[in-house]
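The structure appears right after this line, and notes come after that.
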Amino acid sequence: MVDHPPHANREILVSAARDETRVAVVEDGAVVEFYVERPSSQKTAGSIFLGRAMNVLPGMQAAFIDIGEDKNAFLYVDDALLPPNLDDADEEIRVSRRKPKSITDLVKQGQDLMVQVVKEAIGTKGARVTRHVTFPGRYLVLMPTVSYTGVSRRITDEEERQRLRKIAKSIKPKDMGLIIRTVALGKSEEELKRDLEFLLKLWDKVQRRAKSSKAPALIHQDLGLVFRVVRDELNQNTTRLLVDDVHIYGKVLDLLDSVSPEMKDRVIFYRDREYPLFQLYGVDAAVDKALQRQVWLKSGGYLVIDKTEALTVIDVNTGRFVGSKNLSDTVFKINIEACEEIVRQLRLRDIGGIIVVDFIDMDVPAHRQKLIEELERQLKYDHTKTVVVGLTGLGLVEMTRKKVRQSIDATMMRMCPYCGGKGTVMSEETVAARVRREIRRVLRNSHCEAILVEVNPGVASYLIGPGGQNLKDLEKETGRSIFVRGAEGLHLEEMNVKAIGTKEEIAQKAIPVQVGDILELVIEEPHDKNPSDGIARREGYVIDVEGAGGRVGEKVLVQITACHRTYAKARLTVS
């Protein structure tokens, strides 16, 4: 048996298009995993390269390997040492714990060596590579460089473990290693042999390519996204796999023909073009939420997820949750609910590395213990290795989650070009102060009578001030006429000096309407001080429409009744 309970309904969705392929895993109606692959960003994790050692650094006990990518890959001493055996593993390889040799004994500058990417290049860091080459199959992981036999820890039935270990030892090639994967539960020796034969042919092909290639060179690329998912995710707990592309659907069936024919009846071609597959399951909405900083809980509490270069911090808050009269029970309920959502977000966002969770403080020791137990229980559903280190003295929960590839936000988002990744921009008040300084500078160096500046509407409000007082004060200080225009499309921190000249010239440019004009305008919002009136704009110039506060979003016909420097008055009319 496997040591975590299966979900009642586990579905894998595949949506393929010319420009991208997306995969989602849905458990009991909730989207828990999401992957995207685009032609411009092919993944390298699992791929094997013939690399060349460019720098060997004894101080770091590491070497930098040119594998033909933009950044040199990082080879740590433990990954350069080929061990004689390995400890038991959970579908992954761990090097022996004996004291390592120096990197200079293992790798020489200019040396060519075969390496496999174990961690994608992320940000400024190059890929991490190892010489412990592995080939994951449907039921087995072949390790050509070590002699070892292991069974996935997730298979907990001791009799089944012994049966599978016995098969592995009988079919294992000399001086090679095998790990039995979780999906091999209940499989026959013949099925495992067939998987091994495929992997041995693959290893032979890689060796031949390495001998005929010149470093740096890609000598084996891991399967594409869809086929990795079929290999690694499709198991007896999966209710069905839906594919919306007929070409991919056929390829999946072909792959299952050779590796797992009994799973073919679970693969379904989704034909409905009117209602996209991901829309039907709410995947797009779930992904949009996963790109947000704040995540609401069903109870009214919420999580705040912040990523830094070093770690990810998750803060749990009570929010709108009132709960019971007992404060400790209320806090405990929110924290327990947060455990499930935290694990879901780790999987959905594919967050790796160090994770620190700041749960709401709990005074009852039994509650703290139950919290850790619930977190570990939820993590059993996550196939990526995660270790809960425990509670710190400050009540923070520390975890580490294996980082293999870029997280969802790193894949789908870019650094903000305005704030440079800080997550903040200057306030309207601060920008208004900067604009005033710029106006003073321009007017000091000009003999013009008037100036027209264009800024974001929020900044314009601060420049003008209540009743236009701020603008009057600045005009009194400078002795010039100053016209301010709000432009919705302008970034908050941006300012444009549109014109300087005589007062008449600038007034003509700044005020794009005249008394008596009849215009068709969209009411954008109610008036702040007089909600019965509506606000419209013409070229950034504010028009206060009498009696239009209840018609926000509508196109209306208005007649201009008065013009002022910063706004005009208008009334509704009919054609």
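Going from the sequence shown to our numbering is simple: count from 1 and add 10. Here a beta-carbon is modelled for each residue, glycine too, at the ideal position from N, C-alpha and C.
Where does the unbroken beta strand (DSSP E) through residue i begin, and where does it stop?
i	result
F84	A83 to Y86
D254	Note, D254: premise wrong, no beta strand (DSSP E); not H, not E.
A63	I58 to L67
K135	Careful: K135 lies outside any beta strand (DSSP E) and carries neither H nor E.
R581	Y577 to L582
N327	L321 to N327
S25	R20 to A26
I75	A72 to D76
S162	First-last for S162: undefined, no H or E at that position.
With respect to the alpha helix (DSSP H) encompassing residue i, which residues constitute its N-terminal and C-terminal limits?
i	result
Q479	Q479 to T488
N345	L337 to R359
M422	I418 to M422
A300	V293 to A300
L307	Where L307 is concerned, there is no enclosing alpha helix (DSSP H), given that its DSSP letter is neither H nor E.
D115	I113 to L116
Q289	L287 to L290
How big is the Cα-Cα spacing for residue i and residue j?
i	j	result
N95	I190	Only weak support exists for where N95 lies, its pLDDT of 47 falling under 50; the value from the coordinates is given anyway. C-alpha separation (whole angstroms): 16 Å.
L235	V46	8 Å
E504	A443	13 Å
V398	G362	13 Å
G544	E534	7 Å
I103	E386	Because I103 sits at a pLDDT of 42, beneath the cut-off of 50, its placement in the model cannot be relied upon, and the point is left open.
G563	V314	33 Å
K221	R48	31 Å
L453	Y577	23 Å
M425	T134	13 Å
A137	Y391	27 Å
I75	D122	9 Å
S270	T192	14 Å
R28	E284	18 Å
R303	T434	13 Å
V216	L251	31 Å
V490	I516	One point to set straight first is that residue 490 is Arg, not Val, in the sequence displayed. Distance between the alpha carbons of R490 and I516 is about 12 Å.
G160	I58	23 Å
H457	E487	15 Å
R276	E30	24 Å
M186	M153	6 Å
For residue i, is the classification buried or exposed, using 16 other Cβ atoms within 10 angstroms of its Cβ as the cut-off for buried?
i	result
I352	buried
D214	exposed
I570	buried
K197	buried
R354	buried
K53	buried
R447	exposed
S25	buried
L23	buried
V555	buried
E37	buried
V532	exposed
Q388	buried
G311	buried
E319	exposed
Measure from the C-beta of residue i to each C-beta in chain B and report whether the shortest distance is under 9 Å.
i	result
E498	Within the model displayed, chain B is absent; a lone protein chain is all it includes.
Does the ligand ATP have a heavy atom nearer than 8 Å to the CB of residue i?
i	result
G499	Among the components modelled here there is no ligand, and therefore nothing to report on the ligand ATP.
Check your understanding: Counting pairs of beta carbons, one from the stretch 459-469 and one from the stretch 508-518, are three or more of them closer than 8 Å?
Key -> yes
Exercise for review: For the stretch 503-564, list the beta strand (DSSP E) runs that are entirely contained and at least 3 residues long, ordered along the chain.
Suggested key: 505-511, 528-532, 544-548 and 551-556
Exercise for review: Assess, as a yes-or-no matter, whether the stretch 179-188 is touched by the stretch 220-240 under the definition of 3 or more beta carbon pairs within less than 8 Å.
Suggested key: no
**Study point:** Inter-stretch contact (C-beta, 8 Å, three-pair minimum) for the stretch 244-262 and the stretch 58-73
**Key:** no
Check your understanding: Any chance the stretch 161-168 sits against the stretch 121-129, with 3 or more Cβ pairs inside 8 Å?
Key -> no
Point to revise | Entirely enclosed beta strand (DSSP E) segments - the stretch 359-394, minimum 3 residues | key: 363-368
Check your understanding: Pairing CB atoms from the stretch 109-124 with CB atoms from the stretch 169-176, are three or more of them under 8 Å?
Key -> no
Practice item. Could you pull out every unbroken alpha helix (DSSP H) segment of at least 4 residues lying fully inside the stretch 211-281, listed in chain order? Key: 235-242 and 256-269
Review point. Is there contact between the stretch 195-206 and the stretch 138-153, where contact requires at least three CB pairs shorter than 8 Å?
Key: yes
Review point. Is the number of C-beta pairs between the stretch 336-346 and the stretch 363-383 that are closer than 8 Å three or more?
Key: yes
Practice item. Answer yes if the stretch 284-302 comes into contact with the stretch 416-432, meaning at least three C-beta pairs across the two stretches below 8 Å, and no otherwise. Key: yes
Review point. With a cut-off of 8 Å, do at least 3 Cβ pairs link the stretch 479-499 to the stretch 545-552?
Key: yes
Review point. What are the start and end residues of each continuous alpha helix (DSSP H) run of 4 or more residues lying completely inside the stretch 435-474, in chain order?
Key: 438-454 and 467-474
**Study point:** Continuous alpha helix (DSSP H) assignments of at least 4 residues falling wholly in the stretch 168-205
**Key:** 168-181
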